[in-house]
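Visitor:
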Amino acid sequence: MSTIEALGLALLLLMIIVGGKQGIKSFVSLLTNFLLLWLALLLIKLKLPIIPTTLIIGAVVLAVTIYLGSDNMLSAQTAFVASLLVMILVAFVIVPVEHWARVQGFGTEDAEEIVGFSLQIGIPFLQMSIAAAIFSTLGAIAEASMAIATACYTLIKQNEQMTPQQLYHDGITAGKDIIGTTLNTLFFGFFGGFLALFIWFVGLHYRWGTVINDKVFIAEILLILFAIIGVVLTVPVTAWLMSKQLHAQQIDNKHNK
Numbered sequence: 169m170s171t172i173e174a175l176g177l178a179l180l181l182l183m184i185i186v187g188g189k190q191g192i193k194s195f196v197s198l199l200t201n202f203l204l205l206w207l208a209l210l211l212i213k214l215k216l217p218i219i220p221t222t223l224i225i226g227a228v229v230l231a232v233t234i235y236l237g238s239d240n241m242l243s244a245q246t247a248f249v250a251s252l253l254v255m256i257l258v259a260f261v262i263v264p265v266e267h268w269a270r271v272q273g274f275g276t277e278d279a280e281e282i283v284g285f286s287l288q289i290g291i292p293f294l295q296m297s298i299a300a301a302i303f304s305t306l307g308a309i310a311e312a313s314m315a316i317a318t319a320c321y322t323l324i325k326q327n328e329q330m331t332p333q334q335l336y337h338d339g340i341t342a343g344k345d346i347i348g349t350t351l352n353t354l355f356f357g358f359f360g361g362f363l364a365l366f367i368w369f370v371g372l373h374y375r376w377g378t379v380i381n382d383k384v385f386i387a388e389i390l391l392i393l394f395a396i397i398g399v400v401l402t403v404p405v406t407a408w409l410m411s412k413q414l415h416a417q418q419i420d421n422k423h424n425k
């Protein structure tokens, strides 16, 4: 048994012990999303339009992540719609920024690893960088939308007389804490993943101006910024959709009475 297989089995056992049935569903969601990303690569290899393919596969990834990660259909449905809207909004930010930044492809730090490979793969690196940026935001967007939707649903259950305006305000309040924790998660994930690159910068005595203009460094910073923008947009969008759901539910209750 390889190390990856052993760690995967340990993860499955821990998710079953801690999460029970929901833990199994989350593990299935993880495997399904991995297969979906692999499918996206195969479709891109077959020369399908990269950005439309990315958006379609991204929507499926959001659906799998959210619906398999929640037992409450109302909050899951709202979270999915919110995350889908945010993904599209973030895509409108990513496309022009990636065109302007021009950080696609490989940097000088990658030269040694790719020296034996051909770069003539027939796929535009700019569109691939856009696709990578969109995929990198999906996890943070789905997590934030589910957290806000679940928090709003709990508030509705605790106070059935709550107005849509109060729900929206409380959802924004809960979202402020989520933004803070997500920001730290993304930052330390980036720092841990690129610790070797930072050591490279220090060991070769890179100047600060060289670092902030390094293609590899800037490409990763952009991914973090896109994810943070996605989370920030997710908070008001999800809270607004939940308030609309509450308003529609209150109208239906009045009509039924």
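Okay, so the sequence shown: first residue is 169 according to the numbering used here, each after it adds one. Don't be surprised by glycine CBs; every beta carbon is placed ideally from N, CA and C. All values derive from a computational prediction rather than experimental measurement.
(1) With a Cβ-Cβ cutoff of 8 Å, do F303 and G226 count as a contact?
(2) Using three-state DSSP, classify L198 as helix, strand or coil.
(3) So, for T221: in the same chain, excluding its five sequence neighbours on each side, which residues have a beta-carbon less than 7 Å away from its beta-carbon?
(4) So is E311 buried or exposed if we call it buried at 16+ other beta carbons inside 10 Å?
(5) Do the region 257–264 and the region 232–247 meet, that is, are 3 or more Cβ pairs less than 8 Å apart?
(6) Leaving out five residues before and five after A299 in sequence, what residues of the same chain have Cβ atoms less than 6 Å from its Cβ?
(7) Between K193 and the rest of its own chain, which residues show a CB-CB distance below 6 Å, the 5 nearest in sequence each way excluded?
(8) What is the residue span of the alpha helix (DSSP H) that F362 lies within?
(9) Applying the criterion that 16 or more other CB atoms from any shown protein chain within 10 Å of the CB defines a buried residue, is S170 buried or exposed?
(10) Cutting at 8 Å between CB atoms, please list the residues of its own chain near S492, excluding the five before and the five after it.
(11) Alpha carbon to alpha carbon, how far is M296 from I380? Give it in angstroms, no decimals.
(12) Alpha carbon to alpha carbon, how far is I224 from L216? Give it in angstroms, no decimals.
(13) DSSP on G290, reduced to helix/strand/coil?
(14) Just checking my contact of A395 with I316 at CB under 8 Å: how many whole Å lie between their CB atoms?
(15) Return the residue from the list F202, S251 and V370 that minimises the CA-CA distance to P404.
Guide: On the basis of the supplied data:
(1) Cβ distance < 8 Å, so F303 and G226 count as in contact.
(2) Secondary structure at L198: helix, using DSSP grouped into helix, strand and coil.
(3) These residues qualify, in order along the chain: A208, L211 and I212.
(4) So E311 ends up on the buried side.
(5) Segments in contact, no.
(6) Excluding positions up to five away in sequence, the list reads I218 and T222.
(7) Correct list, in chain order: L236.
(8) In the DSSP assignment, F362 falls outside any alpha helix (DSSP H) and carries neither an H nor an E.
(9) Classification for S170: exposed.
(10) With the chain running from 169 to 425 in the structure shown, residue 492 is simply not present.
(11) Those two C-alpha atoms are separated by around 22 Å.
(12) Rounded to the nearest angstrom, the two C-alpha atoms are 12 Å apart.
(13) The answer is coil: DSSP assigns G290 none of H, G, I, E or B.
(14) Contact between A395 and I316 does not hold, since their C-beta atoms are separated by about 16 Å, which reaches or exceeds 8 Å.
(15) Per the C-alpha coordinates, the member of F202, S251 and V370 positioned closest to P404 is S251.
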